[in-house]
Structures are given as C-alpha cells and as structure tokens.
Amino acid sequence: MNGPIRRLALGLFASMAALLIAVTWFQVFRADALKNDPRNARPALSERGKERGLIVTNDGTVLARSDEDPNDALTFVRTYPEGPAFAHVVGYSSFLLGNTGLEQTYSQDLRSRRDITISDLVAVILGRDLRPSSIEVTIDAELQKAAFAALAGRRGAVVALDPNTGAVLASVSSPSFDPEALIGDDADAAWNALLEAEGSPLSDRATRELYAPGSTFKTVVAAAGIDTGFVGPESVFPDPVAFPLPGSEATISNYGGRVCADGETVTLLRAFVVSCNTTFANLAIQLGAADLGITAEALGFNRELEFAWQIPPAQFNIGELEDDPAALGQSGIGERDVRAAPLHMAMIAATIANGGQLYSPYLVSRVFDADGNTVETTEPVPLGRAMAPTTASIMTQMMERVVTEGTGTSASVAGVRVAGKTGTAQGSGEFPHPWFIGFAPVENPTIALAVFLEGGPDLGETATGGGLAAPIASTLIDIWLSGEQ
Amino acid sequence: MTRKAEGFTILLASALAAFGVTLVNFANSGTLDAQSALTFLVFAIAFGALFVATQTWAPRASSLLIAPVAALTAIGFLEIYRLDPARAGLQRWWLLIAAAVAGSVLYLLHLGSTEILRRYRYTILLVSVILLLLPNLPSDWGFPLRGLEVNGSRLWVVFDAGLTPFSLQFQPAELAKLGLVIFVAAYLADHQHALRQAHRQVGPFRLPEPRQLLPLLITWGLSVFILISQRDLGASLLLFASFVLLLYAATGGGGYLVSGGLMTLLAGFAGYYAFDHVQRRVAGWLQPFENFEDAGYQISQGLFALGSGSLSGAGPGLGRPDLIPNAATDFIFAAVGEELGFAGTVAVLALYGLIMAVGLGIAFRSRDTFRKLLAAGLTFVLGVQTFLIIGGVLRLVPLTGITLPFMSYGGSALVGNLVLVAILLRISHEEAK
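In the order they appear, the protein sequences are chains P and U. Going by this note's numbering, the first residue of the first sequence is number 139, and it counts up by one from there. Going by this note's numbering, the first residue of the second sequence is number 7, and it counts up by one from there.
The following block contains the structure:
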C-alpha cells in the first residue's frame, strides 16, 4: 500500500512544484507587466495624497500645484488654480481615473519619489532627491485665457503656435471642465456626468479630434501648385458657376452660388482671396493626387507626429484619390475625406509664416528640480522643409490679401499686417464648421494660429469662417502683439 | 524537533501574527493599540492549548505539525486583519473555539483511540451526508435551521433560533469532508482485499470489476448533486478527488485514477454546457484579462496583486489587496503575495509542503491499514484543497471558490482543519514506536 501512496505523494509534490513555478512566473517574470497594466489601479492609488511638482507658465502663472492637506499632515491635495481654460492641456492627476494631459506625460518628473518605506532611507543615504520636479509650459497664460473667453462656451478650439519653434502658445478646447472635480472621492460620478454632458467637454477638440478643414485646406492646394511650378498667383482659370466633377453627376459650386470674378476667367490670387471652390477643385484635379499628396505629407498629413500625447494623424488619402478625380476635386476644397485637427492647421499656418519649415509642436519648455535648477530643456525639432521659401513668400502675400480685401477682413488688426485663410467646412454633418488659420505680423511673424468652431444648431446653417472664426483670430492676435511689447 | 523547540516555534508564530498586526496598524494609522497584544495572547493560548493537549493525550505525536499550522494561520490572520479588522476579531474567537474543539477531539481519541472512528464509521457517514445536504434546506421556512446562498453558491447553513442577537452561520462541508474521509478509509480498510483482487485484464489494462465501481459511482453522484444543487464546484471536486485518490492508495489500481479522471472531465463538460456559472468560471480562467469587466475581474485583480507584490511585497498594510473581491477568503494567497511578496508566497508554499510531507510520513509509517489510509486521506484532502484554490488564483485550474486551509477567513474551515490536524497527531502518536 505504500507504493500507491508514494506515487500519490509524488503527484502531490509535483502539484506543489507547479504552484511554485506559476507563482514565480507571475511574481518574478510577469511582475512588471502586471504592475503596469493600465487596468491595475494600484500605481495611481499609491500616488494618492503624495506631493506632485508644479506646472507653471513662463510668466509664473501656476497651472497645477500640490497643497498640504490642512486636515491631514503629510498628505497633499492637487489644485488647478486656472481651471477649465487649461484643463485639456494640464489634465488631472486622479487616484480613481488615473492621470491625463501633461499630468500623465510628465508623471515620472512630477511625482514624488517618497514611499514611506525603507527605500526612502536608502535614497537619502545615497543623496538622491526624493522631491518632485516641476515643468514649465510654453503656453501664454493671457492668450490661453483670452482664447477660452473668445470661444464663449461654444464647441470649438483655438491653437496658437510660435511659428519659429513650434512652441504651443495656446491650446484651448471648449466647452471644458473643472479638473478639480475629477480628483476627489466622487470622481467617478463627476466623470460620468461629464460623459453625458452637453458638448462632450472631456474631448480635446484642439489636438485629438479631426475635422474637415474646408477652405483652409486651399492653402495646401495653392502651395502644392506654386511649389511644383505648375501655377502662379496670376495663372488664369475658368470661372463657371458650377464645376462639373469628372466621372460623376455632381458639381462643385461657390459660396452663394456666384461666380468668382467676371464669369469668364479668374486668377489664382483672386480665387484664393474670395475662396473660390470651382478653381480649387479644378486645380486639385489638374495637379493630381500624387503631387498634391507630396505637399500635404510634407505638411504633416498621414504622419504620426510626436506630441505630448498621442494625436491622430491628419488624413489625405492619396491612394484612393488617384483613381477618383471627383473625390480629388472635393478634397481640393478640404471636404470629402480630408481631416485635420486644429493643432495641425495651426502648424500649416506656422510653416507658411516661417518660410516653409515644419516644426514639431511642443508644450513643455523645461523641467526643473525642487531647487529651481533646470534639468531638461526642450529644443525645437524641425520636421523638414514643406515648401520652398519663395512659395511660402507668395503664399504669405496671397493670405495677406485674404485679410485686407477677401473673406477674412474681420481678422484684421489695426496697425498690424495679418495673413490668413478662412474656411467653412461642410464635413459630414448638417451644419458648417467655421475655420480661420493665419499669422501675424507678416513682416516677422511671432504667432500662427487656427480657430475652429464646431457647426451645430447654435451657430446655424449660415455660419462662416470669415464671420465667426476670423474675429476671434483678430482679438487674439491683438492681445498677443500688445502683450509682447 | 524537541518539545521545547516546538513550544518555542509556536510562540514565534504567535509573535509573527502580533508583529504583522503591529505593522498593519503602523502603516494605516501610525499608532499602536491593544490589537497586537491581544493577537499574541489568542495565538499563544490557542496553539499553546493544542500543544499541551497533544503533550497530555498524544505525547508521542509528531512535533512537526502544530508549528507550521500556527505559522500559516498567523500569516493568513495578518492579511485578514489588514483587510477587515472586524472580521479578524471574529476570526480570533473562532481560533479559540477551533483549538478547543481540536483539543476535545484529542481527548476523545485518547479515551477510545482512532478505533472509535472506525467503529462508528456508518454513523459518521450518515452525519456527514446530512451535514453536506444541510445547505439545501429552504432559506425561507419557519424552522430555525436554514440554507443560505452566498455569491451564487449554496454552501452555508444559518442557525437562528432567536436566542442570540446574531445568527450563527457555518459551512458544513468543511466538517463533512473529514467525516467522509474517515468513512472511506474505514470502508476501504475493510474491503481492500476484495477490491484489489477484483479486476479484469483487458489488453494491457487492469480494470476494476463493475460491481466494485459502485462506491465510486455513488460518491460521484453525491459530488455531482452538490455541484448542481449547491453550485459548489470546489467542495464537489475536493470530495470526489480525495475519494479517488484514497481508492487508488488502498488498491493500487490505476484504473480507478483513470476512470475517476474521466468522470471528473465528464461532469466538467456536462456542467460547462448546462450551467452559465460554470461557463463564466471557465471564461474567467482561460481569458481573465479579456473578461476583465465580469468573469475575469477577480482573477485579474489577483494577478495584479501578485505582480505588484513582486519579490519583496508592498509590506503589511501598504498594498491594496482590498481591490480583490473576496480577498480574505478565496484570494488570501494573492493578498499575501501582494503584501509579503514572492518571499511570502514561497514561504507559504514551503509550509504547506512541510505539512503534507509530515502527513504522508505518518501514513507511510503506519502499520494499521485503517490508520494508514486515514492519514493519507486527510493529507490528500488538505493537499488537494490547497492545490485547487492556489492553483485557481494562479490560473493552473479553474477557480473553484474553496477556502485555503488555515489561512482563509472562516470559522467552520478553521475548526474542520484543526480537527484534521488533531486526528493526524493522534495517528502519529498511536503509530509511534
């Protein structure tokens, strides 16, 4: 009888060995993967109540800080003094919802290394600094607040860039939310309420949502035509009431169903200034998807771009458009399947402003330690030349004419030369999206921006970029340039 | 181990429980209170009493059993305390009760030796089957003894005669499993010759006579009944597996293992197709992360706990085992893994290994067939139960929701398992030269 028992004993100990192997697998080999699984709430929970570093602007405006909890020594409460205007950029650090925005991207710098364990003691002995670092953002507090105020609760976004570096001067998405509502014990309820809320305040329309760019995309088509030497500002196009799309029954007509000049011919310049759809549909088809695509991709379309967080690539589907001239014609006026985020359209304005160089946009200028010493500085990252300097210069002249005598006159600022392009995108919805992209001052641009409003019943069916978006650009350029002096 | 060393190790285990409680308190509030002293006292009294009872009524018993059991109870207790101090307070009372019951069992066996277990085997069987079926009592009738369904399984019995301000709840399966092992060991000791010789040679296989398969079929039927009516995968599997293992131990007939395994698979497949809750269990087992929102949530949280614990653990009171559903019962092993780390889980596995080695050693050395089978059977019950629940947490087998011996929160389990240890101690005393 001891024989069978011995064999069973072997089986029992083999089972115990299997348990030992399995626990080794999970606690040794898979430990990091399990610990860092996004569904594992433990890392975020362990951050609860710990001090985090500051998020400040370069003029010292505090966007996020940790205050000691008056009721509980040794624990800290995160506050966001500037609230909703900065919420999508700064994000929040919530023990229930995790971190978002810069709070997430720079979490490793912002978090305290203090653990209340023996490792603290070891670190102190080794002379390591356990205090959190802080970050300085490129955002201009006044401009950001002005942009948020200008959107006035309507659904939309404003992105402003330094055209010479790619530094983000403002990135606003509206409507917004109060980040402090999402960091407490009732964060789940507040989050669910925001998910249901009118205008989906949690979505970041400035950088993470794609929209049809409408006529602002004519900057890309014009730049492609000029850069390839195919056309110049004085090139002449037919001026019909409606442009028949090849291989289709559909036509493209102009705003208000009018001709763009005398009904016979129109120059490229005139067509650009009055945002002539027939001309640009025609030009896009003549250029072809491949040549148009080269400039579009040089301007960042279809590319995964580095940013503080993952951003969806702007879309210009070259392959599909090559076999479909009708769709290409529609794409030439920024409709059909062309999509870009306001951030991306601001980058296009910035590229024309600086003479044709595309820069990677960035939000953080430096990281500094608890003593204020700079640990890390961000250098501008050029992503390549998108067009020749002469092309950029012609584009600038054309865009200035848009503001002085074309669809964008309400973007003008007294005593300042402003360049821009309006857009009124139909997209896939019922209501048009007003757009404006531009830069100033023309002789030495220090700001490039994109203003976007999401179409809806509140804006109506007759909303236009020139009517609604351009005045916001005017206000912001004025504030920026007067603040600079 | 000398008696002095054993006593000292028991005190050490009590100090371990108290130290764990101190660390948890320190991590949570930074203060010390009477909990540490109370815990030390209760452990020292409970296991000290068991030690003294063994010295008195089974002096030649193995000295290697009480100490590892005390250590496992201490490790489990510190996690229970960390998860729910109120339950830990109850568990301390249960520890005292369990030690008293185990001591009484030692005294009874001292009066009549393990032979009385053999003599009253049919009474024990009857009581065990009744105990097993108690949870099937209606939960809404006038009689003070009622069944109770918790988390979809019907394992509980409530006694509420209105005599006490609270109702008494217990899981009868934890005691019934002992009774069934005792009966089976006695039955097999009686019939082992018949069972061993009755076989048919079919090709290379020695198959048992169909008639001899009858007890196997009856036990299987009982297990399947429990599986269906009480939805208790764990107890059902534990009973059947222990029985098959004992049958094999008694006869050496590999055919029992094969047919037992096939019957388990058959019941498993049938259960899978018949019951949603079995399908959910299997889905949660095979793909815990893909079923994170429902069936896989508990296992995923358990694995997160183990991974977060890593090598050295977060420290008592510093992890978040409270994120695991039922951490104090089914998932106490994951809670230990999170706060005491790989070091803690390996220590726990080593202690179980030691207890099993001691139990099997007692079985090997026993000359009397009944005592040999009883010692082996009790050890198998302990081993299979440990494997099923830890294996469930570690995804080696589907999760079956039974308690981890000595460590999980639960009074009936603690009583049952300390009685099991008491019987093993008695057998080792009787078989010592």
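Idealized CB from N, CA, C, for every residue including glycine. Bear in mind the structure is a predicted one, so any value in this text is a computation, not a measurement.
Amino acids of chain U, ordered along the chain, whose beta-carbon sits closer than 7 Å to that of residue i
| i | result |
| --- | --- |
| A436/P | Within chain U, no residue comes near A436/P; the closest Cβ sits about 42 Å away, beyond 7 Å. |
| R168/P | G313 |
Partner residues on chain P for residue i, Cβ-Cβ distance less than 7 Å
| i | result |
| --- | --- |
| R524/U | Outside the shown range of chain U (7 to 439) lies residue 524/U, about which nothing can therefore be said. |
| A255/U | M139, P142, I143, L146 |
| I396/U | L157 |
| K378/U | M139 |
| G54/U | Simply none; closest approach about 29 Å. |
| L44/U | The contacting residues do not exist; L44/U stays about 26 Å from chain P at best. |
Simplified DSSP state of residue i, which is helix, strand or coil
| i | result |
| --- | --- |
| T335/U | coil |
| V164/U | strand |
| D146/U | coil |
| E514/P | strand |
| P579/P | coil |
| W573/P | strand |
| I122/U | helix |
| P463/P | helix |
| D205/P | strand |
| N237/P | strand |
| F3/U | Nothing about residue 3/U can be read from this structure; chain U reaches only from 7 to 439. |
| E299/U | coil |
| S431/P | One detail in the question is off: residue 431/P reads as Gly in this sequence, not Ser. Note: G431/P maps to helix in three-state DSSP. |
| F176/U | strand |
| G561/P | strand |
| L299/P | strand |
| V1/U | This structure cannot settle anything about residue 1/U, because the visible part of chain U is limited to 7 through 439. |
| I232/U | helix |
| A452/P | coil |
| I490/P | helix |
| A320/U | coil |
Residue j beta carbon less than 8 Å from that of residue i
| i | j | result |
| --- | --- | --- |
| T345/P | S312/P | no |
| A380/P | I390/P | yes |
| F348/U | R180/P | no |
| Q175/U | L143/U | no |
| G522/P | A436/P | yes |
| T545/P | G472/P | no |
| F577/P | P301/P | yes |
| T120/U | I408/U | no |
| V488/P | L459/P | The question names Val, yet the displayed sequence has Ala at residue 488/P. Their beta carbons are not under 8 Å apart, which means A488/P does not touch L459/P by this criterion. |
| L137/U | A64/U | no |
| F412/U | V75/U | yes |
| Y3/U | V27/U | This structure does not reach residue 3/U, given that chain U is present from 7 up to 439, and the question cannot be answered. |
| V163/U | L186/U | no |
| L357/U | D238/U | no |
| A494/P | T529/P | For the sequence presented, residue 494/P should be read as Gly rather than Ala. Contact: yes. |
| M485/P | G558/P | no |
Proximal chain U residues relative to residue i, where beta-carbon distance stays under 8 Å
| i | result |
| --- | --- |
| D326/P | Ordered by position in chain U, no residue passes the 8 Å Cβ test against D326/P, which lies about 15 Å from the chain. |
| L172/P | L309, F310, L312, G313, S314 |
| Q165/P | L312, G313, G315, S316, L317, G343, G347, F348, T351 |
Beta-carbon neighbours of residue i, restricted to chain C and to distances below 9 Å
| i | result |
| --- | --- |
| M362/U | In the structure shown, chain C cannot be found, because the protein chains are P and U. |
Amino acids of chain P, ordered along the chain, whose beta-carbon sits closer than 8 Å to that of residue i
| i | result |
| --- | --- |
| L402/U | A156, L157, A160 |
| G258/U | M139, G141, P142 |
| A382/U | I143, L146 |
Chain U contact residues for residue i, given Cβ-Cβ distances below 9 Å
| i | result |
| --- | --- |
| D175/P | F295, S306, L309, F310, G313 |
Interface residues of chain P facing residue i [CB-CB closer than 9 Å]
| i | result |
| --- | --- |
| F386/U | L146, L150 |
List in chain order: all unbroken alpha helix (DSSP H) runs of 4+ residues lying wholly within the segment 347-396 of chain P. 356-365
So within the segment 395-425 of chain P, which uninterrupted alpha helix (DSSP H) runs reach at least 4 residues, ignoring any that extend past its ends? 406-411, 415-425
My parser needs the beta strand (DSSP E) runs of 3 or more residues fully inside the segment 148-225 of chain P; what are they? 193-195, 200-206, 214-217
Only counting runs of 3 or more residues, tell me where the beta strand (DSSP E) segments fall wholly within the segment 504-556 of chain P, in order along the chain. 512-515, 520-523
What alpha helix (DSSP H) runs, 4 residues minimum, are completely inside the segment 89-134 of chain U? 91-118, 121-125
For the segment 328-349 of chain U, which residues have a CB atom closer than 8 Å to at least one CB atom of chain P, in sequence order? Along the segment 328-349 of chain U, going in chain order, the ones with a CB nearer than 8 Å to a CB of chain P are L329, G343, G347, F348.
Alpha helix (DSSP H) segments (min. 4 residues) lying fully within the segment 235-288 of chain U: 239-257, 260-280
Near-chain P residues of the segment 92-122 of chain U - C-beta to any C-beta below 9 Å: none
Please name the residues in the segment 177-197 of chain P whose beta-carbon is closer than 9 Å to at least one beta-carbon of chain U, in chain order. R177, N178, A179, R180, P181, L183, S184
Which residues, in chain order, does the segment 123-148 of chain U contribute to contact with chain P at a C-beta distance below 8 Å? none
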